[in-house]
Each structure stands twice: as C-alpha cells, then as structure tokens.
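S.K.: Quick one: this structure, given as structure tokens, is what I'll be asking you about.
There are 2 protein chains.
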Amino acid sequence: MAKEGEPWEWRMSFPDGMSMLFVSECIPHTPGFVVGLLGLMQSGWRYGTSEPRKIIHCFKVGMALCLVSLFYYVDPLYEGVGGNAMWAVLTVVVAFEYTVGATICKCVNRTTATFIAGALGVGVHWVATLFGKEWEPIILQGSVFFFASSTTFLRFLPSVKTHFDHGALIFIFTFILVSVSGYRMPDLFDFAQHRLSNVAIGTSICVVTSIFCCPVWAGNELHSLILNNMEKLADSLDAYVAVYLRDDADDMKKEASKEKLVGYRSVLDSMSTEESLVNYARWEPAHGGFSFKHPWKDYLELGALLRSYANCIDTLSGIVSDTKAPAFLKRHFSTVCLKLSLNSSAVLRELVVVVRTSAESPKIGLRQKEMCVAVQELHNTLKVLSNQNTVATETKPEEFSEGKGESVLPFVAIVQLVTLSSLLIEIVARTEKLVNAVNILAHKVTNSE
Amino acid sequence: MAKEGEPWEWRMSFPDGMSMLFVSECIPHTPGFVVGLLGLMQSGWRYGTSEPRKIIHCFKVGMALCLVSLFYYVDPLYEGVGGNAMWAVLTVVVAFEYTVGATICKCVNRTTATFIAGALGVGVHWVATLFGKEWEPIILQGSVFFFASSTTFLRFLPSVKTHFDHGALIFIFTFILVSVSGYRMPDLFDFAQHRLSNVAIGTSICVVTSIFCCPVWAGNELHSLILNNMEKLADSLDAYVAVYLRDDADDMKKEASKEKLVGYRSVLDSMSTEESLVNYARWEPAHGGFSFKHPWKDYLELGALLRSYANCIDTLSGIVSDTKAPAFLKRHFSTVCLKLSLNSSAVLRELVVVVRTSAESPKIGLRQKEMCVAVQELHNTLKVLSNQNTVATETKPEEFSEGKGESVLPFVAIVQLVTLSSLLIEIVARTEKLVNAVNILAHKVTNSE
Numbered sequence: 000m001a002k003e004g005e006p007w008e009w010r011m012s013f014p015d016g017m018s019m020l021f022v023s024e025c026i027p028h029t030p031g032f033v034v035g036l037l038g039l040m041q042s043g044w045r046y047g048t049s050e051p052r053k054i055i056h057c058f059k060v061g062m063a064l065c066l067v068s069l070f071y072y073v074d075p076l077y078e079g080v081g082g083n084a085m086w087a088v089l090t091v092v093v094a095f096e097y098t099v100g101a102t103i104c105k106c107v108n109r110t111t112a113t114f115i116a117g118a119l120g121v122g123v124h125w126v127a128t129l130f131g132k133e134w135e136p137i138i139l140q141g142s143v144f145f146f147a148s149s150t151t152f153l154r155f156l157p158s159v160k161t162h163f164d165h166g167a168l169i170f171i172f173t174f175i176l177v178s179v180s181g182y183r184m185p186d187l188f189d190f191a192q193h194r195l196s197n198v199a200i201g202t203s204i205c206v207v208t209s210i211f212c213c214p215v216w217a218g219n220e221l222h223s224l225i226l227n228n229m230e231k232l233a234d235s236l237d238a239y240v241a242v243y244l245r246d247d248a249d250d251m252k253k254e255a256s257k258e259k260l261v262g263y264r265s266v267l268d269s270m271s272t273e274e275s276l277v278n279y280a281r282w283e284p285a286h287g288g289f290s291f292k293h294p295w296k297d298y299l300e301l302g303a304l305l306r307s308y309a310n311c312i313d314t315l316s317g318i319v320s321d322t323k324a325p326a327f328l329k330r331h332f333s334t335v336c337l338k339l340s341l342n343s344s345a346v347l348r349e350l351v352v353v354v355r356t357s358a359e360s361p362k363i364g365l366r367q368k369e370m371c372v373a374v375q376e377l378h379n380t381l382k383v384l385s386n387q388n389t390v391a392t393e394t395k396p397e398e399f400s401e402g403k404g405e406s407v408l409p410f411v412a413i414v415q416l417v418t419l420s421s422l423l424i425e426i427v428a429r430t431e432k433l434v435n436a437v438n439i440l441a442h443k444v445t446n447s448e
Numbered sequence: 000m001a002k003e004g005e006p007w008e009w010r011m012s013f014p015d016g017m018s019m020l021f022v023s024e025c026i027p028h029t030p031g032f033v034v035g036l037l038g039l040m041q042s043g044w045r046y047g048t049s050e051p052r053k054i055i056h057c058f059k060v061g062m063a064l065c066l067v068s069l070f071y072y073v074d075p076l077y078e079g080v081g082g083n084a085m086w087a088v089l090t091v092v093v094a095f096e097y098t099v100g101a102t103i104c105k106c107v108n109r110t111t112a113t114f115i116a117g118a119l120g121v122g123v124h125w126v127a128t129l130f131g132k133e134w135e136p137i138i139l140q141g142s143v144f145f146f147a148s149s150t151t152f153l154r155f156l157p158s159v160k161t162h163f164d165h166g167a168l169i170f171i172f173t174f175i176l177v178s179v180s181g182y183r184m185p186d187l188f189d190f191a192q193h194r195l196s197n198v199a200i201g202t203s204i205c206v207v208t209s210i211f212c213c214p215v216w217a218g219n220e221l222h223s224l225i226l227n228n229m230e231k232l233a234d235s236l237d238a239y240v241a242v243y244l245r246d247d248a249d250d251m252k253k254e255a256s257k258e259k260l261v262g263y264r265s266v267l268d269s270m271s272t273e274e275s276l277v278n279y280a281r282w283e284p285a286h287g288g289f290s291f292k293h294p295w296k297d298y299l300e301l302g303a304l305l306r307s308y309a310n311c312i313d314t315l316s317g318i319v320s321d322t323k324a325p326a327f328l329k330r331h332f333s334t335v336c337l338k339l340s341l342n343s344s345a346v347l348r349e350l351v352v353v354v355r356t357s358a359e360s361p362k363i364g365l366r367q368k369e370m371c372v373a374v375q376e377l378h379n380t381l382k383v384l385s386n387q388n389t390v391a392t393e394t395k396p397e398e399f400s401e402g403k404g405e406s407v408l409p410f411v412a413i414v415q416l417v418t419l420s421s422l423l424i425e426i427v428a429r430t431e432k433l434v435n436a437v438n439i440l441a442h443k444v445t446n447s448e
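In structure tokens:
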C-alpha cells in the first residue's frame with residue numbers, strides 16, 4: 000500500500016490478458032483513506048482472481064442468508080418460528096463455513112448444544128421455582144455461575160477444544176438464555192422449543208447449501224495440500240542442489256527457480272491448517288474417492304514427516320547459501336549429489352502418485368533401490384575424496400593448506416560438501432520414513448473402501 | 000484413557016504431596032461412558048493443577064455472566080435495555096477471551112460493527128420504504144445479498160481476517176437483523192439503538208472484568224513464550240551435543256535430559272500462537288514494563304528466527320541420533336564442540352536476559368567474541384583432523400580403511416563429526432541473526448518508553 004503523499008498505482012489484470020493501470024497523478028492530493036480503500040480493493044481483486052472458489056462461497060453465503068430471511072417476510076413462516084427468526088439468521092451467519100466439514104461440525108455442535116442446554120435450562124428453572132420467588136434468582140445465578148465456569152474450563156482442554164469448542168459456547172449462551180429468561184417468561188418450554196427449531200432451521204439451510212451447491216470438501220483440500228507440499232519439497236530440494244552445484248544455470252533459470260527455492264517454507268507453516276482440515280474432514284460424508292472411514296488422522300503423521308523433511312531443507316539452505324563449491328571439487332560431487340537429490344525427489348514425486356491414486360505403486364520399490372544405490376555411491380565418493388585429499392595435501396599445499404590461514408576456501412568447501420552429502424543422506428532417511436507412512440496410508444485406504 | 004473392559008486407574012495429586020488412587024476394580028464392569036467421563040475429569044484435574052490461571056479465568060467468566068444476567072432480574076435495568084438483555088449476555092459469552100488484548104479486540108470489533116451495521120440497516124430500510132410495500136422486500140433482499148457476500152469476501156483477505164474477522168461477522172448479522180426486522184418493527188431506530196446499547200453494556204462488563212480482575216495480558220504471555228522458547232533451544236542444543244559426545248552421563252542424567260532434548264519441538268509449533276498473541280498485544284494499554292507503543296511486531300521476527308534455529312536442531316537430532324562417536328575421534332572434538340555449543344547456548348541465555356530486562360547487555364559482546372573464538376578453534380580442529388586422518392590412513396588402515404567395506408564406522412563417524420561441526424557453525428550464524436534482532440528490539444523498546 001502506498002504511503003500518503005506518495006504516488007500510487009493500481010493495475011487491474013483481466014483474464015483475457017488486458018490490463019488497466021490507474022495512477023494517482025490523475026487525482027492530485029489523494030486523501031489517505033482513499034489510498035487505503037484502493038489498496039484493499041487491489042488486494043481483493045488479486046485474491047479474487049486467484050481464488051475463484053472463494054467468490055462462489057461468498058455468493059452461497061448471500062443466498063443462504065436471503066433464504067433464511069424469508070422467515071421474516073412470509074407470514075406463515077414468521078408465525079411458525081414464533082417471531083424468533085433472528086436465531087435462524089444468526090445460525091447461518093456463524094455456522095456457514097468455507098468447507099462442508101467445518102459447516103457440519105459447527106451445525107452439529109450448535110444443534111446438540113442448544114438441545115442439551117435448553118433441556119437443562121428448563122430443568123434448572125423448574126427446580127428454582129420450587130424454592131419460591133425469593134430463592135429463585137439466587138439458585139438461577141448459582142447455576143449460571145457453576146455451568147458457565149465449568150464449561151469455560153472444559154473449553155481449555157485440548158480434546159474438547161478441537162471438537163466441541165463452538166458447542167460449549169452455544170451451551171453456555173442457551174443455558175443462560177433459557178434458565179434466566181424463565182424469570183420473565185410465562186411459557187418457558189415454548190421459548191426453548193422455538194430457539195431449538197430456529198437453530199435447526201438455520202443449520203439445515205447451512206448444511207444443504209454447503210453440500211449441494213458447489214461443495215468445498217475439507218477432505219479434498221487436505222488431500223491437495225499434502226500433495227502440493229510434497230511437490231514443493233521435491234522442487235525445493237532439486238533447486239537448492241542444482242543452484243549450489245551447477246554453474247551452467249543462466250540468470251533466467253535462476254529467476255525461475257527462486258520460487259521453487261522458497262517453496263519449502265510454506266510447508267513449515269502448514270501445521271495449523273492441516274490440523275483443522277483433518278478435524279473437519281472427519282465430519283464429512285463419503286465424497287469423490289473418499290469413503291466416510293477414510294483414514295484422515297494419518298494425514299497428520301504425513302504432515303509432520305513433511306515438515307521434518309522441510310527442516311532439513313531449511314538447514315541445507317543456510318549451509319549452501321553463500322558460497323559455491325570450487326570447480327575442482329565439484330567434479331567429484333556434482334554428478335553423485337545431483338543423482339542422489341534427483342532420486343530422492345523422484346521418490347517423493349512417486350509418493351505423490353501413490354497418495355493421489357490411493358494405490359500402492361510398483362515403481363516405488365525400484366525408485367527406493369535407485370536412491371539407496373545413489374547413497375552408496377555418495378559414500379564411496381566421500382571415501383575417494385578422503386583419499387584424494389591425502390594426495391592433494393601432499394601435492395597441492397597451496398590449495399588445501401591445513402596449517403595456513405590464507406587459503407581457507409577449499410577447506411571450507413570440503414566441509415560444506417561433506418555437510419551437503421550428510422544432509423542429503425539425512426533427507427533420504429526422512430524420505431524412507433515418508434515412504435512407510437504413505438504405504439500404511441494406502442493400505443488403510445484400500446481396506447476402508 | 001483406558002479402553003472399555005480394561006482396568007483403569009485415576010490418581011489425584013494434591014499440592015501438599017498427598018495423592019489418592021482410584022482403581023476400576025472397585026466398580027466391576029464400568030460402563031464405557033463412565034470411563035470416558037473419568038478420563039475427561041482426570042485430564043481436567045491435571046490441566047487445572049498445572050494452569051491455575053485458567054481456573055481463575057473460568058471464575059471471571061462466571062462472575063461476568065452473573066453480573067450481566069442481573070439485567071434480567073432487576074426491573075429498572077430490564078426496562079432500560081428494552082427487554083433485549085440477551086444481546087448483552089451473548090456479547091459476554093462470545094467476547095470474553097482469556098487475554099485482555101483478545102477481549103478488547105473482540106469488544107471494539109463488536110461495538111464498532113454493531114454501530115456501523117445498525118446505521119446502515121436503518122438507512123437501507125428507509126430507502127426501501129420509499130419504493131413502496133411491494134418493492135421493499137426485494138430491495139431489502141438485494142441489499143442483504145450484496146452486503147453479506149461482499150463482507151464474507153473481505154473476511155478472506157489476510158489483513159481483514161487478522162484484525163476484523165469478528166467485526167465482519169457481527170456486521171453481517173446486525174445489518175440483516177436491523178434492515179430485515181424493519182419489515183415487522185414499528186420503531187426500527189429504537190430497536191437498533193437497543194441492540195447497540197446492549198452490546199455496549201456487554202463489552203463494558205467484559206473489558207472491566209478482564210482488566211481489573213487478575214488480568215492476563217497477551218503481551219506478557221508473548222514475552223514469556225519467546226523467553227521460554229529461547230531457553231528451550233539453549234537446553235536442547237546443550238543436551239544433544241552432550242548426549243552425543245559425552246559417555247560419562249549415567250542413565251539418570253539421560254532420563255533428565257530427555258525432556259530437554261525434545262524441548263525444541265514446541266518451538267517449531269508455536270507460530271500460530273505467536274501470531275495471535277502479537278495481534279492481541281497491540282490492542283492492550285500500557286501494563287507492567289510494556290508501553291502502549293511496545294514494538295510487538297518485532298516479536299514475530301524473533302519467533303521466526305527461533306524457529307529457523309530449531310530447524311537446525313531438528314536436523315542435528317536426525318544426524319546424531321543413532322550412532323555415538325568412537326572414543327578416539329572424540330578426543331579431538333568433544334572439548335571444542337562442547338565449548339562451541341556451550342558458548343552458543345550461553346549467548347542465547349544472555350539474550351534471554353536482554354529481552355527480559357529490555358536493556359542492552361554489556362556481556363553480549365563478550366559472549367559473542369567467545370563464540371567466534373570457539374568457531375575458529377573448531378575450524379582448526381577440523382584441519383588437524385584432516386592432517387591426522389592422513390596420518391591415520393597411513394598407520395591404521397584397519398580403522399580408517401577407505402577402500403574396504405568391513406569397517407565403515409570410523410568413516411561414518413568422521414562424516415558425522417564434520418556434519419555436527421558444520422551444523423554447530425550454522426547454529427552460530429543463526430545465533431548472530433538472533434543477537435541482531437534482539438538488539439534492534441531492545442533499542443526500539445528503549446526509544447518507545
């Protein structure tokens with residue numbers, strides 16, 4: 000966003016390749032809030048063109064809210080819900096989420112909590128009335144304090160927080176609403192029933208719109224996220240090793256690989272997204288290639304392994320970032336290191352196929368063997384280096400001088416290459432763990448169908 | 000949690016050292032839901048004893064809700080809010096968060112959104128009435144669709160999502176409530192005003208209870224989180240290097256260091272917590288040692304650097320996990336590697352002091368110099384190893400045999416030790432970045448006071 004006083008530009012790009020450019024020079028002395036608003040519109044435009052499904056979701060929300068507000072306009076509907084249509088509206092506003100799973104999770108939570116809290120509220124109110132008008136507020140206040148405090152405490156527990164957070168909130172609210180309203184309300188049971196039926200109407204509209212109108216499944220999203228992350232890691236690994244070892248790459252190629260280099264970073268940041276998608280995916284009915292019993296929980300394990308793989312690439316990025324290996328050392332290493340990294344990323348890409356088709360791949364075993372051969376070759380090369388290093392120390396003291404400070408580069412480069420090899424071998428070890436996890440997943444998927 | 004049919008145990012530990020043990024043998028054939036309930040109680044008990052401040056928060060929520068439900072019991076109050084006290088109750092239920100910052104953020108969002116949406120709703124309703132009774136529902140439905148869809152879209156934009164997500168939700172709800180209720184309501188302006196005053200009452204109760212009754216500041220939490228993470232990383236680094244290089248550690252010590260070894264993992268998972276705490280801390284007034292202008296955003300940078308440090312330790316853990324360095328190699332390395340890791344963790348612990356006191360420490364420079372000296376010593380030792388390796392190859396072919404496959408261990412150990420050194424040097428580089436970030440933070444804090 001441009002600062003106040005500075006000229007700003009706003010380019011709108013259309014799908015057909017045309018674009019329009021707005022420059023603030025046209026409007027001298029643009030006020031700050033206009034610049035802010037245009038900045039917001041610009042980022043909105045960019046976001047909307049890159050994520051069209053989000054726009055469809057917005058239309059779905061608008062549609063569902065128009066539908067639910069019919070309960071205000073149509074007389075029989077309005078009277079049917081006892082003039083409390085706002086609870087249905089509030090339900091749609093709060094419970095309509097982007098994915099089907101999240102919507103179902105919130106709706107089930109909301110309806111169940113409303114039912115339990117409504118029944119409990121009516122019960123507590125009935126008990127309170129038995130003690131007479133004087134004691135009634137005291138007993139009601141005591142029960143509000145007790146249930147509100149204990150439910151708030153439950154919300155802190157991880158198992159409750161993950162699955163029933165929204166339900167706990169609605170439980171507190173409905174309980175207070177029903178039990179305390181009874182103090183002023185002649186027919187409390189009717190009131191509780193209206194609240195429940197309103198919430199049920201709202202949740203039905205949410206669930207139906209969410210499932211039958213361009214559904215976005217949390218399971219699908221999770222599946223694509225994991226696949227994308229695998230591909231990003233394979234790309235990052237290839238890019239780092241290539242940038243470090245190859246010098247034939249021209250500037251254009253480097254520019255193209257920049258995006259690939261940093262791809263692993265988004266993998267590091269995807270934990271919370273994965274966790275919430277796993278929770279929501281478990282609420283979804285069978286869809287696409289996923290049965291109701293699809294082993295979604297195993298994706299958490301997969302995600303954790305991918306992050307540990309990404310940690311290695313992050314360390315690698317630090318170690319190889321500044322310096323380039325000198326040419327005479329690279330002749331030993333570049334072929335075998337590139338082979339190892341290419342084999343390792345090939346295994347990862349094969350795993351993408353396995354996860355995508357949910358069928359064990361015959362190629363995986365072959366690729367794994369190739370990877371192991373490449374590890375052995377790297378080991379051998381390291382040993383040869385150790386030998387040649389001995390020779391080099393004797394014949395080229397100016398290049399390998401261990402005792403002298405003036406030519407540190409080759410020594411640093413050796414340490415770097417050994418470290419690179421070691422990290423590549425560690426990456427292979429983590430790839431093996433991934434292969435196991437993916438095989439277990441594929442096996443479970445085959446059994447669950 | 001015990002499975003059904005299996006015996007279960009439940010131990011309650013009291014602060015005075017006493018404990019009670021419940022065993023299911025006492026109740027034969029315990030039903031599943033009882034086991035589940037007892038499991039929940041057990042985890043609740045453990046959580047409550049370890050986090051007493053959360054229990055205080057629960058009492059605060061109970062108290063605030065009792066306070067707000069007085070608007071039902073006391074006649075003048077009930078009439079004052081037009082019988083709509085439930086909006087005040089709902090506000091307290093939804094907007095009362097654990098930290099002061101989160102509560103203020105939600106309350107400001109809620110009040111502002113209610114005001115804007117209420118005004119807009121009244122305006123749209125007035126425009127709709129101008130077109131006559133037939134067109135009114137159509138115009139109202141159109142405006143509901145437009146504002147609901149566009150606000151839902153705004154909620155996806157990262158900048159809006161971070162700061163105004165709750166406000167956007169309340170905007171949609173209040174707008175629909177006010178504009179559509181107008182269809183049935185004789186005095187819409189009064190209705191909108193009552194909703195606003197109810198929300199204002201709820202938010203005031205939230206903010207006052209949150210600030211003046213055992214406040215939990217998001218800023219403090221963030222500050223402690225960062226400090227704890229720094230200490231965990233220092234402990235993990237020391238523990239890994241010690242476990243790998245020392246063999247005098249007995250089993251008891253190993254048991255004690257197990258917790259330290261895995262401490263870095265929680266640092267890797269703390270990103271989303273840090274981000275939300277930073278957002279909330281920025282809403283908080285001056286408290287403790289933190290002014291209103293405290294540079295909270297800089298903690299994000301600090302958190303990112305700590306995670307990149309933790310990535311290195313994760314890689315280290317993979318590389319040194321299985322094997323131990325053979326004794327004859329360790330005599331070269333253990334002193335200098337331990338020195339480097341201890342110096343590096345000492346710098347980290349010094350940084351903890353700097354962040355805690357928010358004053359630049361004179362010791363940091365000294366510790367950094369010591370760390371650099373240790374890096375140089377490690378470099379020298381690597382060079383010496385390279386020399387001695389040459390000698391060893393000539394004199395001890397059975398130990399270093401490069402060409403023969405039967406004694407791989409020393410060769411693997413050399414590669415491992417070189418990698419360990421390289422990772423330690425990389426950790427030093429990341430420590431330097433941390434020192435810079437902490438210095439910048441300390442400088443900003445001094446200026447902001």
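Residue numbers (numbering that gives the first Met the number 0), protein chains in the order written: chain Z, 0 to 448; chain V, 0 to 448. Where a beta carbon is used, it is the ideal one built from N, C-alpha and C, also for glycine. As the structure is a computational prediction, the values presented were derived from the model and not from experiment.
Tell me which residue opens and which closes the alpha helix (DSSP H) that Z:P361 is part of.
M.R.: No alpha helix (DSSP H) holds Z:P361; DSSP gives it neither H nor E.
S.K.: Report buried or exposed for Z:L195, applying the criterion of at least 16 other Cβ atoms within 10 angstroms of its Cβ.
M.R.: buried
S.K.: What residue from V:S235, V:L139, V:N379 and V:A147 has the CA that sits closest to V:V123's CA?
M.R.: V:L139
S.K.: So which residues on chain Z does V:G61 lean against when the C-beta distance must stay under 9 Å?
M.R.: V143, F144, F145, F146, A147, S148, S149 and T151
S.K.: Name the residues in the region 60-79 of chain V whose C-beta lies less than 8 Å from a C-beta of chain Z; which are they?
M.R.: Listed by position along the chain: V60, G61, M62, L64, C65, S68, Y71, Y72 and Y77.
S.K.: Enumerate in chain order the residues of its own chain whose CB-to-CB distance from Z:A191 is below 6 Å, with the five nearest sequence positions on each side excluded.
M.R.: G117, V121 and V177
S.K.: If you draw a straight line from the alpha carbon of Z:K257 to that of Z:S68, how long is it in whole angstroms?
M.R.: Z:K257 and Z:S68 have their alpha carbons spaced roughly 50 Å apart.
S.K.: Could you tell me which chain Z residues have their CB closer than 7 Å to the CB of V:D313, listed as they occur along the chain?
M.R.: S307 and N310
S.K.: Does DSSP put Z:H442 in a helix, in a strand, or in coil?
M.R.: helix
S.K.: Mark Z:H293 as exposed unless 16 or more other C-beta atoms lie within 10 angstroms of its C-beta, in which case mark it buried.
M.R.: buried
S.K.: Using a C-beta to C-beta distance shorter than 8 Å, which residues of chain V count as neighbours of Z:V88?
M.R.: F172, I175, L176 and V179
S.K.: Hey, which unbroken runs of the beta strand (DSSP E) at 3 residues or more fall wholly within the region 166-220 of chain Z?
M.R.: none
S.K.: What residues of chain Z sit near V:P136, judged by a beta carbon separation below 7 Å?
M.R.: Y72
S.K.: For Z:L381, which residues of its own chain have a beta-carbon under 8 Å away from its beta-carbon, when the five flanking residues on both sides are left out?
M.R.: V417 and S420
S.K.: Quick one, which of Z:N219, Z:V242 and Z:S269 has its alpha-carbon nearest Z:G288's?
M.R.: Z:N219
S.K.: Taking the CB atoms as reference points, tell me whether V:L433 and V:L341 lie closer together than 7 Å.
M.R.: no
S.K.: Counting contacts by CB-CB distance shorter than 7 Å, is V:K105 in contact with chain Z?
M.R.: no
S.K.: Specify, as a first and last residue, the run of the alpha helix (DSSP H) that Z:D74 falls within.
M.R.: DSSP places Z:D74 inside the alpha helix (DSSP H), whose first and last residues are D74 to G79.
S.K.: Could you work out which residues of chain V lie near Z:G117, taking near to mean beta carbons separated by less than 7 Å?
M.R.: Listed by position along chain V, the residues whose Cβ is nearer than 7 Å to that of Z:G117 form an empty set, because the closest Cβ is around 14 Å away.
S.K.: V:V434 CB to nearest chain Z CB: under 7 Å?
M.R.: For V:V434, the answer is no, since every Cβ of chain Z falls outside 7 Å of its Cβ.
S.K.: Using a beta-carbon distance below 7 Å, is Z:V33 in contact with chain V?
M.R.: Any Cβ of chain V closer than 7 Å to the Cβ of Z:V33 would place that residue at the interface, and such an atom is absent.
S.K.: State yes or no: is the C-beta of Z:C104 within less than 7 Å of the C-beta of Z:W282?
M.R.: Cβ atoms of Z:C104 and Z:W282: closer than 7 Å.
S.K.: Residues of the region 265-288 of chain Z in Cβ contact with chain V at a cutoff of 8 Å, in chain order, please.
M.R.: L267, D268, M270 and S271
S.K.: I'd like the span of the alpha helix (DSSP H) that includes V:N310, first residue to last.
M.R.: D297 to V319
S.K.: I need the DSSP call for V:H286, collapsed to helix, strand or coil.
M.R.: strand
S.K.: Quick one: which chain V residues come within Cβ less than 7 Å of Z:T418?
M.R.: For Z:T418, the chain V residues whose C-beta falls within less than 7 Å of its own C-beta are V417, T418 and S421, listed in chain order.
S.K.: Below 8 Å between beta carbons is the criterion; list the residues of the region 212-243 of chain Z that meet it against any residue of chain V, in chain order.
M.R.: none
S.K.: For the alpha helix (DSSP H) holding Z:L37, just list the boundary residues, first then last.
M.R.: G31 to S49
S.K.: Can you name, in chain order, every residue of its own chain whose Cβ lies under 6 Å from the Cβ of V:S333, other than the five neighbours on each side?
M.R.: L244
S.K.: Determine, using beta carbons only, whether Z:L156 comes closer than 7 Å to chain V.
M.R.: yes
S.K.: Can you tell me which of Z:L350, Z:V198 and Z:I312 puts its alpha carbon nearest to the alpha carbon of Z:T113?
M.R.: Z:V198
S.K.: Inspect the CB distances between the region 139-150 of chain Z and the region 223-230 of chain Z and report whether three or more fall short of 8 Å.
M.R.: Segment contact: the region 139-150 of chain Z against the region 223-230 of chain Z, fewer than three CB-CB distances shorter than 8 Å; contact not assigned.
S.K.: If you compare alpha carbons, which of V:W86, V:A280, V:A87 and V:E135 is closest to V:H466?
M.R.: One cannot answer for residue 466 of chain V here, as it falls past the ends of chain V, which runs 0 to 448.
S.K.: Report the rounded CA-to-CA distance for V:D186 versus V:V107, giving the unit in angstroms.
M.R.: 27 Å
S.K.: Restricting to Cα atoms, I'd like to know which of V:L299, V:T128 and V:Q375 is closest to V:L277.
M.R.: What sits at residue 277 of chain V in the sequence shown is Val, not Leu. If we check each option's Cα against that of V:V277, V:L299 comes out closest.
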